[in-house]
Amino acid sequence: MANTFLKITGLKVAYGGIKAVKGVDLEVNEGELVTLIGSNGAGKTTTMKAITGSLPMAEGDIEYLGKSIRGKGAWDLVKEGLAMVPEGRGVFMRMTIAENLHMGAYIRNDKAGIADDVEKMFTIFPRLRERKDQLAGTMSGGEQQMLAMGRALMSRPKVLLLDEPSMGLSPIMVDKIFEVVRDVSANGVTILLVEQNASRALGVANRGYVMESGVISMNGPAKDLLSDPRVRAAYLGE
Ligand code: ATP
Numbered sequence: 001m002a003n004t005f006l007k008i009t010g011l012k013v014a015y016g017g018i019k020a021v022k023g024v025d026l027e028v029n030e031g032e033l034v035t036l037i038g039s040n041g042a043g044k045t046t047t048m049k050a051i052t053g054s055l056p057m058a059e060g061d062i063e064y065l066g067k068s069i070r071g072k073g074a075w076d077l078v079k080e081g082l083a084m085v086p087e088g089r090g091v092f093m094r095m096t097i098a099e100n101l102h103m104g105a106y107i108r109n110d111k112a113g114i115a116d117d118v119e120k121m122f123t124i125f126p127r128l129r130e131r132k133d134q135l136a137g138t139m140s141g142g143e144q145q146m147l148a149m150g151r152a153l154m155s156r157p158k159v160l161l162l163d164e165p166s167m168g169l170s171p172i173m174v175d176k177i178f179e180v181v182r183d184v185s186a187n188g189v190t191i192l193l194v195e196q197n198a199s200r201a202l203g204v205a206n207r208g209y210v211m212e213s214g215v216i217s218m219n220g221p222a223k224d225l226l227s228d229p230r231v232r233a234a235y236l237g238e
């Protein structure tokens, strides 16, 4: 049996009286790339925010490496190896590319290892090397997405949460982002990928969950979902 790295059980999250997540069960096992797809407003981002502790759980529980995350903040979780790239990227606009990458390593104090990893990020994303002294706020959306992913990887995560990394990007950037997601996964990082781009997400994932109006309506191997007529009709425009 594979190790379960992330286990969500009966999760409910509300914004005041508005129930956004209404009882979600989801698991991500060691080494897996799992995607959570669904249309606008389905509750995907709300689920992600509950995992990182930025929204409180109304009911249910989320376990990371077998322990409840209840009461933990994003900082504690990053220290334990759970890193997140939020929707909208969240890079530090008034810092340079290089400074943003160093911020990602704030939990580490192995100077040489950090320098090696910055170099690694520049190899994965050559564009970041070209612009390393430029302020993040002057970069394009795709470049900021690369930077946000690089920054999260600088913490050497066990699990990486990605919230809609392809949103608003040009087709070439989308290709690059999915290529990196696949490579990061191949290098042993466990990934939970939230996406509206269902075909691309299911194309790289091992398993998928479909979210509709706050509940999981389907789940299974990504290739089965990709060929499921209901998924094709609802999310692949067929
Ligand atoms: P998107 O792709 O648009 O981000 P999503 O699947 O991530 O969609 P959520 O952002 O999780 O969806 O939103 C789920 C529901 O919760 C939606 O009905 C949304 O309007 C509502 N919601 C989200 N944030 C808030 C908020 N701060 N206050 C009130 N309602 C909210």
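Under UniProt numbering, the letters of the sequence shown match residues 1 to 238, in that order. Glycine included, each C-beta is placed from N, C-alpha and C at the ideal position.
For TYR15, the number of other beta carbons within 10 angstroms of its own is below 16, and it is reported as exposed. Only residues of its own chain outside the window of five on either side were considered, and among them none has a CB closer than 6 Å to the CB of ASP228. Separation of the CB atoms of GLY104 and ARG151 is rounded to 4 Å, and the pair is thereby assigned contact status at 8 Å.
Closer than 6 Å to some heavy atom of the ligand ATP: that does not describe the Cβ of ALA233.
Inside the stretch 213-237, DSSP marks whole beta strand (DSSP E) runs of 3 or more residues at positions 215-221, from first to last along the chain. Beyond the five residues adjoining it in sequence on each side, LYS7 comes within less than 6 Å, by CB distance, of GLU27, GLU63 in the same chain, given in chain order. In this structure, GLU212 keeps its C-beta atom at 7 Å or more from the C-beta atom of GLY23.
Straight-line measurement puts the Cα of GLU143 at about 10 Å from the Cα of ARG89.
Secondary-structure assignment with DSSP links MET211 through a beta bridge to ILE216. Within the same chain, and ignoring the five residues on either side of TYR209 in sequence, the residues whose Cβ sits closer than 6 Å to its Cβ are LEU26, LEU36, ILE216, ASN219. For ILE114, the uninterrupted alpha helix (DSSP H) run begins and ends at 111-124, by DSSP.
Comparing alpha carbon positions, the residue from ASN206, ASP116, LYS223 closest to ASN29 is ASN206. Relative to the non-hydrogen atoms of the ligand ATP, the Cβ of GLY43 comes within a distance shorter than 6 Å of at least one.
Look at THR96 here: in three-state DSSP terms it is strand. Fewer than three beta-carbon pairs drawn from the stretch 65-75 and the stretch 120-138 are found closer than 8 Å, and the two stretches are therefore not classed as touching.
If you look at THR46, you'll find it in the alpha helix (DSSP H) that goes 44-51. Between MET146 and ARG129 a beta carbon distance of about 11 Å is seen, past the 8 Å cut, so the two are scored as non-contacting. The distance from the Cβ of GLY214 to that of LYS19 is about 6 Å, consistent with a contact at the 8 Å cut-off. LEU55 carries a coil assignment under DSSP once its states are collapsed to helix, strand and coil.
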